[in-house]
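First the structure, in the form of structure tokens, and then the observations on it.
Number of protein chains: 2
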Amino acid sequence: MRDLSVGPDCVCLNTATLGFRDPLELTVRRVAEAGFGFITPWRQEVDERHPERAAHVIRDAGLKVGGYCRTEYFSADDRGGRTASIDSNRRAVEVAAVLGAPFVVAVVGGLAPNSRDIQACREQILEGLEALKPTLKATGVAIALEPLHPFYAADRSLLNTVEQARRWCERLDPDNEGLFGIAVDAYHVWWDPDLEGSLDRASDRIMALHVCDWMRQTGDPLLDRGMMGDGVIELARLRQSVETRGFKGPVEVEIFSKENWWKRPPEEILRICRERLNTVV
Amino acid sequence: MRDLSVGPDCVCLNTATLGFRDPLELTVRRVAEAGFGFITPWRQEVDERHPERAAHVIRDAGLKVGGYCRTEYFSADDRGGRTASIDSNRRAVEVAAVLGAPFVVAVVGGLAPNSRDIQACREQILEGLEALKPTLKATGVAIALEPLHPFYAADRSLLNTVEQARRWCERLDPDNEGLFGIAVDAYHVWWDPDLEGSLDRASDRIMALHVCDWMRQTGDPLLDRGMMGDGVIELARLRQSVETRGFKGPVEVEIFSKENWWKRPPEEILRICRERLNTVV
Numbered sequence: 001m002r003d004l005s006v007g008p009d010c011v012c013l014n015t016a017t018l019g020f021r022d023p024l025e026l027t028v029r030r031v032a033e034a035g036f037g038f039i040t041p042w043r044q045e046v047d048e049r050h051p052e053r054a055a056h057v058i059r060d061a062g063l064k065v066g067g068y069c070r071t072e073y074f075s076a077d078d079r080g081g082r083t084a085s086i087d088s089n090r091r092a093v094e095v096a097a098v099l100g101a102p103f104v105v106a107v108v109g110g111l112a113p114n115s116r117d118i119q120a121c122r123e124q125i126l127e128g129l130e131a132l133k134p135t136l137k138a139t140g141v142a143i144a145l146e147p148l149h150p151f152y153a154a155d156r157s158l159l160n161t162v163e164q165a166r167r168w169c170e171r172l173d174p175d176n177e178g179l180f181g182i183a184v185d186a187y188h189v190w191w192d193p194d195l196e197g198s199l200d201r202a203s204d205r206i207m208a209l210h211v212c213d214w215m216r217q218t219g220d221p222l223l224d225r226g227m228m229g230d231g232v233i234e235l236a237r238l239r240q241s242v243e244t245r246g247f248k249g250p251v252e253v254e255i256f257s258k259e260n261w262w263k264r265p266p267e268e269i270l271r272i273c274r275e276r277l278n279t280v281v
Numbered sequence: 001m002r003d004l005s006v007g008p009d010c011v012c013l014n015t016a017t018l019g020f021r022d023p024l025e026l027t028v029r030r031v032a033e034a035g036f037g038f039i040t041p042w043r044q045e046v047d048e049r050h051p052e053r054a055a056h057v058i059r060d061a062g063l064k065v066g067g068y069c070r071t072e073y074f075s076a077d078d079r080g081g082r083t084a085s086i087d088s089n090r091r092a093v094e095v096a097a098v099l100g101a102p103f104v105v106a107v108v109g110g111l112a113p114n115s116r117d118i119q120a121c122r123e124q125i126l127e128g129l130e131a132l133k134p135t136l137k138a139t140g141v142a143i144a145l146e147p148l149h150p151f152y153a154a155d156r157s158l159l160n161t162v163e164q165a166r167r168w169c170e171r172l173d174p175d176n177e178g179l180f181g182i183a184v185d186a187y188h189v190w191w192d193p194d195l196e197g198s199l200d201r202a203s204d205r206i207m208a209l210h211v212c213d214w215m216r217q218t219g220d221p222l223l224d225r226g227m228m229g230d231g232v233i234e235l236a237r238l239r240q241s242v243e244t245r246g247f248k249g250p251v252e253v254e255i256f257s258k259e260n261w262w263k264r265p266p267e268e269i270l271r272i273c274r275e276r277l278n279t280v281v
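First to last, the protein sequences are chains G and C.
Position 180 of the first sequence, counted from 1, bears residue number 180 in full-length UniProt numbering, the numbering being contiguous throughout.
Position 76 of the second sequence, counted from 1, bears residue number 76 in full-length UniProt numbering, the numbering being contiguous throughout.
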């Protein structure tokens with residue numbers, strides 16, 4: 001395993017971890033000062049009409065862009081909704097190219113608001129992803145498909161396991177041209193009895209590793225994620241699993257924690273994230 | 001598909017659906033009057049020192065026992081805890097035999113309270129299940145392994161998919177002597193991208209089909225389950241899937257709903273359950 005404590009090159013901060021309380025300029029400076037080499041910003045923090053401005057701010061701070069968060073949901077009740085989502089996601093890819101992000105993270109969407117047809121909605125999503133391919137090829141930016149915890153299947157993502165993401169990659173990018181890969185998030189996949197096997201099969205598709213922790217008593221599955229080391233996930237084992245299989249990207253911290261971490265000063269959050277990366281991940 | 005409206009023979013009521021507000025005698029009478037042919041009671045409703053009394057009450061009302069709920073968690077921090085759990089679960093099997101239940105439903109347990117070692121805890125669980133085999137053989141009662149939604153992996157069940165349950169059955173009961181089977185609960189498995197394939201492979205192991213519904217906005221994943229038809233699960237498709245693969249047991253309603261259904265009169269709950277079985281399952 002790599003030693004994450006030696007410098008900023010292996011560690012990335014996803015800005016969601018700080019709760020979106022400050023402008024990107026300030027966040028970028030804090031993240032760099034805390035010893036992270038990469039940052040993954042969200043779309044609401046970037047003026048997508050002038051993405052070169054955010055690119056400049058990030059570069060000036062000496063940071064690289066880990067990824068860009070995230071796609072809009074591809075599933076929708078009508079054709080118009082699906083087309084609007086594809087248009088928006090195409091723009092996200094173009095912006096990611098300007099930012100120098102290697103990929104846009106895809107949270108693909110759950111059941112369309114008035115649908116129970118899980119198969120049809122998965123097909124809508126795959127069609128939407130397929131429609132991005134010309135833009136991916138033109139920009140060199142990839143889509144990192146992020147399987148979300150099955151808790152989110154109804155309203156956020158019908159992509160729920162690493163194995164399913166691998167199958168989608170095989171369908172969307174059969175020759176593995178780097179158009180589609182997988183973002184493995186500890187919070188979403190730690191429970192999977194097939195995790196090791198599916199990481200084996202997906203080893204050449206893993207684009208990102210996200211870490212936080214699953215609290216044994218989870219109040220709100222969306223916004224009650226834990227700091228690494230405070231919950232039940234064997235994070236070091238997961239990192240070893242993906243690094244053994246060839247993953248070389250930065251380890252990215254992404255913590256949604258409305259009632260705990262998002263209430264703390266950003267400097268404190270960043271300091272503890274950096275420590276925990278060294279001690280428990 | 002079978003026609004569930006023709007009579008009581010294909011439908012079962014899990015008493016959790018009524019919120020455990022009344023003694024078993026009263027519940028049994030209501031369930032029979034509402035047109036269910038089977039009932040699945042819980043251990044706290046049965047005097048396990050004298051299970052013949054509950055057996056008599058159920059038989060007198062003309063009901064059969066669908067299953068018996070449920071095992072205690074097999075995972076524990078120490079050997080003493082694991083032994084106590086096995087002893088208790090052995091007793092549950094013996095009581096099930098007196099009740100005439102074909103199986104005890106197993107909710108196997110999550111991570112032991114002070115453990116993060118998911119592999120070790122799964123092994124503890126498998127060892128505990130293995131230890132029940134002499135009692136299963138002696139009584140003719142089976143264990144129906146119930147995969148729980150991955151949301152419960154930390155604190156309730158490290159058995160989370162039908163495929164995993166099938167693998168456990170193959171390990172515990174390699175010749176399929178009927179010692180171990182699978183309880184498929186719509187709430188827990190509806191999201192699984194491998195559901196159809198895993199039902200195919202597990203077709204000769206399916207012992208139970210539980211129904212309720214997943215609400216799109218789920219507040220409490222434990223106690224906010226929906227009435228069939230009020231949520232997003234394609235219940236008729238799931239029933240068709242398991243019946244096509246040979247399932248002939250009763251369809252069992254099991255709804256945990258602290259803030260909604262458990263506040264309603266039992267007769268109303270039972271009437272609506274019975275209607276929805278006919279119209280949406």
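Backbone N, C-alpha and C define an ideal beta-carbon position, used for all residues, glycine too.
Item	Value
Kindly indicate which three-state DSSP category S85 of chain C falls into: helix, strand or coil?	helix
Exposed or buried, what is G210 of chain G when buried is set at 16 or more other beta-carbons lying within 10 Å of its beta-carbon?	Residue identity differs from the one stated: residue 210 of chain G is His in this sequence, not Gly. The residue is buried, with at least 16 neighbouring Cβ atoms inside 10 Å.
At which residues does the beta strand (DSSP E) containing D185 of chain C begin and terminate?	F180 to D185
Under 7 Å between beta-carbons, which chain G residues line up against T161 of chain C? List them in chain order, please.	P193
Just how far apart, CA to CA, sit L132 of chain C and W261 of chain G?	45 Å
Give every residue of the same chain whose Cβ lies closer than 7 Å to the Cβ of P51 of chain C, excluding the five residues on either side of it in the sequence, and list them in chain order.	V95, V98 and L99
Starting from T40 of chain C, trace the beta strand (DSSP E) both ways and give me its first and last residue.	F38 to T40
Enumerate in chain order the residues of its own chain whose CB-to-CB distance from P113 of chain G is below 7 Å, with the five nearest sequence positions on each side excluded.	D77
When the distance is taken between beta carbons, is S157 of chain C closer than 8 Å to V107 of chain C?	yes
Given a cut-off of 8 Å on the beta-carbon distance, is the pair E45 of chain C and V105 of chain C in contact?	no
So, does the CB of E259 of chain G fall closer than 8 Å to a CB anywhere in chain C?	no
Going by DSSP, what residue range makes up the alpha helix (DSSP H) through N278 of chain C?	P266 to T279
Give a yes or no on whether the minimum CB-CB distance between I118 of chain C and chain G is below 8 Å.	yes
Which word fits residue 284 of chain C, buried or exposed, when buried means at least 16 other C-beta atoms lie within 10 angstroms of its C-beta?	In the structure as shown, chain C starts at 1 and stops at 281, and residue 284 of chain C therefore has no counterpart that could be examined.
Within the continuous beta strand (DSSP E) that includes C12 of chain C, where are the two ends?	V11 to N14
For a contact meaning CB atoms closer than 8 Å, what does H50 of chain G contact in chain C?	Ordered by position in chain C, no residue passes the 8 Å Cβ test against H50 of chain G, which lies about 37 Å from the chain.
Where do the ends of the beta strand (DSSP E) carrying E252 of chain G lie?	V251 to V253
Quickly, what does DSSP pair H210 of chain G with across the bridge? List them, please.	G:D185 and G:E252
In whole angstroms, what is the alpha-carbon distance linking S203 of chain G and D204 of chain C?	33 Å
At the level of alpha carbons, what is the spacing between I58 of chain G and E25 of chain G?	8 Å
Would you say E177 of chain C reaches chain G, if we count a Cβ-Cβ gap shorter than 8 Å as a contact?	no
Nearest-angstrom Cα distance between R271 of chain G and A34 of chain G?	6 Å
Please report the distance separating the alpha-carbon of T17 of chain C from that of R274 of chain C.	12 Å
Around the C-beta of T279 of chain G, are 16 or more other C-beta atoms found within 10 angstroms, so that it is buried, or is it exposed?	exposed
Only counting the same chain, and skipping five residues up and downstream in sequence, which positions put a Cβ closer than 6 Å to that of L129 of chain C?	L172
For the alpha helix (DSSP H) containing V162 of chain C, list its first residue and its last residue.	V162 to L172
Does any residue of chain G have a CB that is nearer than 8 Å to the CB of V232 of chain C?	yes
Which residues bound the alpha helix (DSSP H) around L238 of chain G?	L235 to T244
Which residues in chain G have a C-beta closer than 8 Å to the C-beta of P221 of chain C? List them in chain order.	F151 and P221
Is the number of C-beta pairs between the region 233-248 of chain C and the region 247-255 of chain G that are closer than 8 Å three or more?	no
Would E234 of chain G and R116 of chain C qualify as a contact pair, given that the criterion is a beta-carbon distance under 8 Å?	yes
Of the choices C:L63, C:R90 and C:V65, whose alpha-carbon is the least far from that of F74 of chain C?	C:R90
Based on Cα-Cα distance, which residue from C:D22, C:I125 and C:T139 lies nearest to L111 of chain C?	C:I125
So A154 of chain G contacts chain D; which residues on that side make the cut at Cβ distance below 7 Å?	Reference to chain D is not applicable here, since the protein chains of this structure are G and C.
So T27 of chain C and C69 of chain C are supposed to be a Cβ contact under 8 Å. How far apart are they, rounded?	Not really, about 13 Å apart at Cβ, beyond 8 Å.
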